[in-house]
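Here's the structure we're looking at; comments come further down.
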Amino acid sequence: MINNDDDKRPSPESLLKLAQAEEAAEGRGKLKIFLGYAAGVGKTYAMLEAAWQLKLDERDVVAAYVESHGRFETDSLLAGLEIIPRAQIEYMGVVLQEMDIDAVLARKPQIALVDELAHTNAPGSRHEKRWQDVEELLAAGIDVYTTVNIQHFESLNDIVAQITGVVVRETVPDRLLDEAAEIRLVDIPPDELLQRLREGKVYIPEQAAWAREKFFKPGNLIALRELSLRRAAARVDDQMRAYMESQAIAGPWPAAERLLVCVSGSPFGERLIRTTRRLADEMNAQWHTVYIETPGGGRHLQENRERVWRDLRLAESLGAQVATVTATSVANAVIDYAVKHNVTKIVVGKPTRPRWREFLRPPLVDQIIRLSGIIDVYVVSIEPGEAKPGVASARQKKPFIWSGYMKSLALVAAATVAGQLVRTFLAPTNLVMIYLLAVVLAAVRLGLNPAIMTAFLSVAAFDFFFVPPHLTFAVADTEYLITFVALFTVGVVISKLVATAGERAVTIRDREVHTASLYYLSRDLAAAADIEAILDAIIRNFGESFNGRLLILLPEGERLEIKGASHGMRLDEKELAVADWAFRNRQAAGRGTGTLSSAALLFLPLQTSASVLGVVGVKLEEEADYANPLSRRLLDAFASQATLAIERVQLVKQAEQSQLLQARESLERALLNSVSHDLRTPLVSVTGALGTLREKGNKLSDEARRELLDAAWEEAERLNRFVGNLLDMTRLEAGAVKLKEEPCDIQDLVGCALAAIEQRLGTRKVDVRLQSDLPLVRMDMALMTQVVVNLLDNALKYSPPESSITLAARTDGAVLTLEVADHGPGVPEPDLKRVFDKFYRIPVPEGAGGTGLGLAICKGIVEAHGGKIRAENRAGGGLRVIVTLPLR
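FYI, my numbering numbers position 259 of the sequence shown as 354, with every residue one higher than the one before it.
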């Protein structure tokens with residue numbers, strides 16, 4: 096039997112999940128939660144005991160905010176720890192004390208103790224809630240120990256209210272419990288907790304009496320204790336499953352549960368969401384929240400807009416995957432979404448409508464159950480009077496518009512007049528078509544409700560004016576009753592179809608506008624080649640897509656600076672601080688968020704998986720657009736597109752810098768090779784000659800010693816020229832060469848150059864050809880002398896020893912032309928433009944020395960004078976270098 100080791104290895108999915116978790120946690124602090132089921136169980140005391148153990152282990156621990164409530168035991172443990180002074184915040188004439196988050200960040204300890212995680216900060220604080228302060232500390236790499244009771248978690252809020260009768264106002268997101276590195280359950284029996292309450296160890300006597308009446312009842316405490324134990328056990332189970340998966344430990348692995356809850360803007364959505372979250376926790380399951388937007392649902396969305404958005408935000412904060420789907424049938428859309436996302440259970444609310452209405456329209460629950468197939472459906476009970484006033488009040492607030500109904504009345508009147516005009520030519524039943532035309536016009540122009548009213552009035556008018564007996568609602572022939580029913584039914588159906596088609600067209604148009612906005616943005620960003628063009632494209636497209644303005648901030652050193660903005664956009668120091676917070680904490684802040692919401696702008700970080708590239712600040716004219724999920728999704732899409740474009744430009748820039756670095760390294764290697772060779776050669780000659788003189792000088796003749804000294808001197812001169820060329824090239828590239836221009840005689844220039852190179856010329860002949868009437872030319876005499884010397888030296892190296900060199904000067908119009916020509920092999924045609932590059936050397940003739948800097952130096956000096964230099968091959972063989980200088 097062969098064992099398959101692959102079965103014992105972790106799956107690629109688990110390894111990827113583990114790697115992503117480690118990447119997300121890199122550089123981030125760890126959270127340890129001391130969880131209790133009520134005040135007084137000893138959470139703060141246990142946290143301080145753990146802090147002392149850390150202190151004994153020489154860990155850096157500070158008390159960022161610890162509330163002892165005057166308990167002696169707690170104060171004694173707190174006394175030996177470093178305590179960060181609290182921030183003093185004045186509100187309505189009262190000075191309140193809060194955690195000084197800036198002081199903690201500046202101190203940057205290893206571990207910070209933060210009591211009462213669910214606390215609401217005083218108005219004017221940076222964050223609305225203390226758990227947001229804790230998240231900022233974690234993002235800064237500081238480990239946090241904190242305390243919280245089970246009733247403060249968001250998903251358990253309504254359960255705690257049902258058990259205790261007390262609605263807990265201060266809540267924290269459940270994800271903090273999920274993301275905590277460690278949870279320590281602090282637990283004591285309820286009887287012991289009640290005894291502590293009676294002894295005054297939990298609250299002062301006045302508060303203790305109220306607590307015993309309202310909250311600290313044995314039944315309440317037992318239920319809360321069970322909740323905390325279950326929640327802690329679920330967290331331990333999560334850790335156990337994660338360990339088994341990462342280590343590929345064999346075990347029972349049932350199919351993963353996935354839950355789905357659908358919200359519709361009803362007042363029961365919040366309860367359904369919380370129930371689904373609890374079920375997901377109990378089943379260790381992922382869960383989804385979906386809103387189905389149907390044609391004809393636009394009115395409903397308008398009436399319950401705030402409730403729908405609030406429900407979606409609540410679900411997202413509780414950890415759900417949120418989606419909005421457009422469909423014609425809610426039940427079919429829910430089932431399609433469930434099948435697509437492998438949902439195993441659907442959570443719906445029990446219908447509260449009267450039974451007789453179910454005969455007219457089957458409840459959504461029944462439709463979903465009928466279509467669900469193998470998917471389980473959970474039906475949640477709802478209290479009879481729960482939150483019903485909300486819908487009624489919302490509908491009462493909607494103003495009644497009379498104009499549409501008056502126009503529908505006018506349409507019926509017009510149809511009646513038209514019928515009176517043609518009644519002699521048509522049978523009464525054919526006159527119905529005129530009223531149907533009025534219904535269609537009302538549906539197209541006036542909306543659904545006026546169209547239904549038009550259908551009703553059309554039936555009444557047809558009966559009154561055209562059905563015998565006339566001018567009465569009585570009907571002589573009962574067959575007309577079928578005509579009435581058909582007219583009204585067809586009218587209502589037509590009205591609904593037209594209204595639905597119109598609203599569907601509006602929905603499609605809105606989505607098309609959003610899609611087109613993203614398309615135009617991506618097209619413009621793809622065409623942008625630099626950061627300025629990208630910022631301009633973002634600002635322009637934002638102005639075309641939103642009713643608002645935008646600015647973009649990018650890091651410049653240690654600060655954010657505005658790099659692009661809509662017309663008139665400015666930031667004060669307060670707004671800039673909010674933008675900086677969003678940048679450093681990689682979270683949205685400002686308007687429409689729970690962080691620094693008093694700011695005038697919404698700031699969104701432009702973040703990649705590895706870093707934050709900048710921040711966009713958004714100012715929307717409509718306050719409701721900040722909370723609108725469609726607007727926020729489009730804003731997030733704009734920010735994502737902008738991030739990708741900016742990252743692309745930065746990557747291109749980095750690639751260019753990398754290429755430059757590689758070219759520089761290649762040049763440095765060439766320079767090192769050249770320098771090492773050209774330094775070593777003369778040094779070897781010098782040291783060899785001097786070594787011979789040192790060891791055998793007394794035995795050598797005077798002539799031999801002189802030859803050795805001359806050779807050493809010549810090589811030393813060569814070395815000196817080489818070092819001089821390196822220094823000259825360095826000064827030219829750095830722009831440190833300052834010209835000292837003055838009128839110079841060309842004959843003096845040639846004479847100085849020949850004198851400088853006389854020793855190297857030896858017996859070589861230089862044919863000097865100067866124009867007789869050369870004018871004085873403004874130049875730097877010393878530098879131009881070096882140019883001529885380098886040109887002559889180059890000709891000496893690359894021409895036969897017996898050949899002559901030509902040096903000529905003449906005027907050609909407004910320029911002076913200097914030429915140095917030799918009778919050497921010349922330069923291959925493709926290399927003529929490269930002879931002035933640094934370190935370029937012609938491979939012939941053999942034995943010709945040089946660094947490849949001489950002509951490059953000539954080019955730099957000539958161009959500094961405003962001149963030009965070029966090389967060309969002579970017709971009879973050899974190279975001609977031509978220098979032109981302007982006559983000034």
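Cβ atoms here follow ideal geometry from the backbone N, Cα and C, with glycine treated the same way.
- Apart from the 5 residues on each side of it in sequence, A513 sits with its Cβ closer than 6 Å to the Cβ of I529 in its chain, given in chain order.
- In the structure shown, A660 falls within a strand segment according to DSSP collapsed to helix, strand and coil.
- Taking a 10 Å sphere around the C-beta of V443, we find 16 or more other C-beta atoms and assign the residue as buried.
- Counted as a single uninterrupted DSSP element, the alpha helix (DSSP H) harbouring K954 occupies residues 949 to 959.
- Per DSSP, the unbroken alpha helix (DSSP H) holding T511 starts and ends at 498 to 517.
- With fewer than 16 other Cβ atoms inside 10 Å of its own Cβ, E294 counts as exposed.
- Ranked by Cα distance from L143, the options V209, I368, E798, M194 are led by V209.
- Within a 10 Å sphere around the beta-carbon of M187 sit fewer than 16 other beta-carbons, which makes this residue exposed.
- Looking at the DSSP output, T371 bridges to nothing.
- Taking the CA atoms as reference points, A737 sits about 16 Å from A611.
- Shown here for K794: not one same chain residue has a beta carbon closer than 6 Å to its own, the five before and five after excluded.
- Cβ neighbours of R929 within its own chain (closer than 8 Å, five residues either side excluded): Y935.
- Counting C-beta pairs with one atom in each stretch, the stretch 148 to 157 and the stretch 214 to 224 have fewer than three that are closer than 8 Å, which means they do not touch.
- P523 and F579 have their C-alpha atoms some 12 Å from each other.
- From the listed residues R606, G542, V608, the smallest Cα separation to G586 is found for G542.
- Secondary structure of Q842 (DSSP, three-state): helix.
- Proximity to L803 across V781, A890, F311, V818 peaks at V781, based on C-alpha coordinates.
- When DSSP reads this structure, L911 sits in a beta bridge with T906, L980.
- Secondary structure note for Y721: it is in no alpha helix (DSSP H), with a DSSP letter that is neither H nor E.
- Counting only runs of 4+ residues, the alpha helix (DSSP H) found wholly inside the stretch 634 to 697 occupies 668 to 680, in chain order.
- When DSSP states are grouped into helix, strand and coil, A174 belongs to the coil group.
- Within the stretch 554 to 634, the runs of alpha helix (DSSP H) that reach at least 4 residues and sit entirely inside it are, in chain order, 574 to 622.
- Two segments are said to touch when three or more pairs of C-beta atoms, one from each, lie closer than 8 Å; by this definition the stretch 958 to 978 touches the stretch 874 to 894.
- Annotation for R225: no beta strand (DSSP E) segment contains it, though the alpha helix (DSSP H) segment containing it runs 225 to 234.
- From the listed residues E287, M879, L630, the smallest Cα separation to A740 is found for L630.
- By the Cβ neighbour-count rule, H565 is exposed, with fewer than 16 other Cβ atoms within 10 Å of its own.
- For I852, the secondary structure class from DSSP, reduced to helix, strand or coil, is coil.
- Between T384 and A410 the beta-carbon gap is near 4 Å, inside 8 Å, which marks them as a contact.
- DSSP, reduced to helix, strand and coil, places I387 within a strand of the structure shown.
- Going by beta carbons, G949 and N889 fall inside the 8 Å limit.
- Rounded to whole angstroms, the Cβ separation of K127 and A276 is 6 Å, and the two are in contact under 8 Å.
- A contact is defined here as three or more CB-CB pairs under 8 Å, and the stretch 668 to 684 meets this definition with respect to the stretch 693 to 711.
- For L126, no alpha helix (DSSP H) encloses it; the enclosing beta strand (DSSP E) starts and ends at 126 to 131.
- In this structure, V157 places its C-beta atom within 8 Å of the C-beta atom of I179.
- Exclusion of the five residues before and after Q842 leaves L865, L869 as the residues of its chain whose Cβ lies within less than 8 Å of its Cβ.
- Nearest to F551 by alpha-carbon distance, out of A581, K203, A159, T266, is A581.
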